[in-house]
Amino acid sequence: MAATLGGSRELMATIAGYVPSAKALRTLLEALPPNLLGEAWTSVLRLLQHPKLDPNAIWPIAQFTAIKAVVAPRGKVNVWTLPELEPLWAMGVDVVFKFPCDHCVDCRRLVPPHLVYMHAFGFQHSATINVARGVWTSCVIRLPPSSTADDVKRYASAVAAMPSLRHVIIDLSQIAYTLESMPPQYEHRADVFPAALEPYVWSTLSPSHVRDVTILGSNLLATTKGVQSAIQWLSSRPLRRLCLAEAKVDAHTVTAFVTALRDCTTLSTIELSYDLVLLPAFLSAPLPRHLRRLRLFVSDEPYHAETGWHRITSLPVALVTTAIAGSALTHLSIDLDSLDDQSAAAIVSTAFQHMPCLDHLELLNVRRAPPLNAVLDAGAARIAALESMRLQEPIEDY
């Protein structure tokens with residue numbers, strides 16, 4: 094038994110694939126006898142136990158920048174060929190990296206020689222590869238207002254021809270350029286992505302291998318026809334994760350769209366930026382039981398010229414607490430920027446007392462005040478039971 098399990102990378106990778114966090118994986122590997130793990134997984138365990146490496150930078154998705162900062166801070170070695178990291182790549186873990194250039198891609202080619210360039214999708218400010226398989230697993234597709242039907246069709250063909258792609262980011266931002274100031278200032282294009290091309294976008298996202306979708310600055314849901322297309326898309330594919338940042342949604346059809354979100358039983362992760370239409374409608378009822386991960390966030394950038402760049406203060410706090418109470422969420426991430434002390438304490442208290450499945454809690458822009466401190470003190474036992482908890486204090490205002 095030990096020789097069979099320890100020598101089967103595929104079997105151990107399948108088992109590990111059901112382990113959602115680095116802490117849980119480390120616990121699993123430490124509980125197994127070394128002879129059952131085999132050499133490769135023993136090496137992965139050593140990485141998870143590394144005193145300087147954040148385990149969350151290793152599993153479930155490896156963060157190349159964070160790993161490189163520890164193992165090769167001066168950048169003089171090829172991280173991809175370091176012996177201590179080869180077992181991690183061999184396990185088939187996805188690796189995310191930022192702003193790749195041709196030289197960086199060439200370095201990766203030394204590990205998987207058949208790794209292809211991503212020229213079909215243009216410059217990638219963030220992408221993911223699977224080293225063991227030598228394939229790309231995510232890409233960014235930028236669709237400015239000047240896009241043509243041929244442009245979008247070309248992207249659709251490229252996505253369909255690359256079955257390894259699981260995560261596709263559609264960037265429909267109206268930002269023309271960013272002025273380097275404190276705080277940054279943005280210049281927006283006056284025109285928007287042509288409505289006539291929207292069906293081609295949904296076609297781009299239609300291949301069954303695309304399970305993880307992020308849409309930035311979208312007008313795709315701003316009309317009744319657009320919502321109908323989105324509902325049809327949701328009902329026809331096994332989507333697992335959907336992230337919408339500053340998605341304009343038609344107020345008359347938002348209820349129908351939210352119903353479609355709730356009815357998509359494969360959809361286990363939803364990430365929504367704060368707004369005045371979509372998020373309030375989504376939180377107006379208890380969360381569906383199949384939803385395991387929820388992130389409520391402030392958009393990184395004002396993708397629309399007329400954006401409100403909303404924060405959680407746009408919502409009644411009771412809307413949030415009522416929705417998450419009794420849910421089956423295992424992961425919850427909320428940006429509390431500008432929220433008053435009592436409201437922040439109410440959300441955290443709900444998470445501790447009424448979310449029995451919760452294992453991971455992330456709170457951003459948290460201002461520590463007596464009401465919240467009291468909740469944290471009272472919830473010490475619940476905090477200890479969590480696999481991870483992150484409280485990020487606000488960055489100083491400009």
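Using my numbering, read the sequence shown as starting at 94 and increasing by one per residue.
All C-beta atoms in this analysis are idealised placements derived from N, C-alpha and C, irrespective of residue type, glycine included.
Hey, quick one: how far does the beta strand (DSSP E) through residue i stretch, first residue to last?
i, result
"VAL188", "187 to 191"
"TRP229", "228 to 235"
"GLN325", "First-last for GLN325: 317 to 328, but that is the alpha helix (DSSP H), not the beta strand (DSSP E)."
"THR221", "219 to 223"
"GLU455", "453 to 457"
"ARG334", "334 to 338"
How would you label residue i, buried or exposed, when you count the other beta carbons within 10 angstroms and need 16 or more for buried?
i, result
"PHE190", "buried"
"VAL170", "exposed"
"MET385", "What sits at residue 385 in the sequence shown is Arg, not Met. Buried, since its Cβ has 16 or more Cβ neighbours within 10 Å."
"ARG139", "exposed"
"CYS369", "The sequence as given places Leu at residue 369; Cys does not occur at that position. LEU369 is exposed by the Cβ-count criterion."
"GLU486", "exposed"
"ILE151", "buried"
"PRO463", "exposed"
"GLU339", "buried"
"SER79", "Here the chain comprises residues numbered 94 to 491, so residue 79 is not present and cannot be evaluated."
"ILE405", "buried"
"ASP452", "buried"
"ASP195", "Here ASP195 scores only 42 on pLDDT, less than 50, and its place in the model is too uncertain to base an answer on."
"GLN446", "exposed"
"THR297", "buried"
"ASN128", "exposed"
"LYS145", "exposed"
"HIS397", "buried"
"PRO180", "buried"
"THR443", "buried"
"ASP470", "exposed"
"GLN267", "buried"
"GLN217", "buried"
"ASP199", "For ASP199, the pLDDT reaches just 49, beneath the cut-off of 50, and the residue's location in the model is therefore unreliable, although a value from the coordinates is still provided. Exposed, by the Cβ-count rule."
How far does the alpha helix (DSSP H) with residue i in it reach, from first residue to last?
i, result
"PHE445", "434 to 447"
"TYR293", "291 to 297"
"LEU376", "LEU376 -> no alpha helix (DSSP H), and no H or E assigned at all."
"ALA251", "242 to 253"
"ASP470", "463 to 471"
"ALA124", "115 to 124"
"GLU394", "Here GLU394 belongs to no alpha helix (DSSP H), and DSSP marks it neither H nor E."
"GLU179", "179 to 183"
Can you tell me whether residue i is helix, strand or coil according to DSSP?
i, result
"VAL163", "helix"
"VAL370", "coil"
"ARG386", "strand"
"SER508", "Residue coverage of the chain in this structure runs from 94 to 491, which leaves residue 508 outside it and unanswerable."
"TYR270", "strand"
"GLU280", "strand"
"ASP264", "strand"
"VAL347", "helix"
"LEU412", "helix"
"THR359", "coil"
"GLU364", "strand"
"ALA353", "helix"
"SER426", "strand"
"LEU484", "strand"
"ALA155", "strand"
"VAL170", "coil"
"VAL306", "strand"
"VAL342", "strand"
"HIS196", "For HIS196, the predicted model reports a pLDDT of 44, less than 50, meaning its position is unreliable and no value from the coordinates is stated."
"LEU138", "helix"
"ALA214", "At residue 214 the sequence reads Phe, which differs from the Ala that was named. In the structure shown, PHE214 sits in a helix (DSSP, three-state: H, G or I)."
"GLU132", "helix"
"PRO144", "coil"
"PRO331", "coil"
"ARG202", "Bear in mind that the predicted position of ARG202 carries a pLDDT of just 46, short of 50, making it too unreliable to give a figure here."
"ARG475", "helix"
Any chance the CB of residue i is under 7 Å from a heavy atom of the ligand SAH?
i, result
"PRO463", "Questions concerning the ligand SAH fall outside what the structure shown contains, since it holds no ligand whatsoever."
Give me the Cβ distance between residue i and residue j, rounded to the nearest whole Å; I'm assuming they're in contact under 8 Å.
i, j, result
"ASP428", "LEU389", "6 Å"
"THR423", "CYS450", "5 Å"
"LEU380", "ILE440", "Rounded, the Cβ-Cβ distance is 14 Å, inconsistent with contact."
"ILE222", "VAL261", "So it is not a contact: roughly 15 Å between Cβ atoms."
"ASN458", "ASP430", "4 Å"
"LEU408", "LEU372", "7 Å"
"MET184", "ALA133", "7 Å"
"PRO331", "PHE286", "Not confirmed; about 26 Å, so no contact."
Between the stretch 268 to 276 and the stretch 319 to 326, do three or more beta carbon pairs fall short of 8 Å? no
Any chance the stretch 324 to 331 sits against the stretch 279 to 291, with 3 or more Cβ pairs inside 8 Å? no
Flag this pair as touching only if the stretch 296 to 315 and the stretch 246 to 257 have three or more C-beta atom pairs under 8 Å; answer yes or no. yes
Touch check for the stretch 286 to 295 and the stretch 237 to 254: three-plus C-beta pairs under 8 Å? yes
Three CB pairs or more closer than 8 Å across the stretch 112 to 132 and the stretch 154 to 161: no
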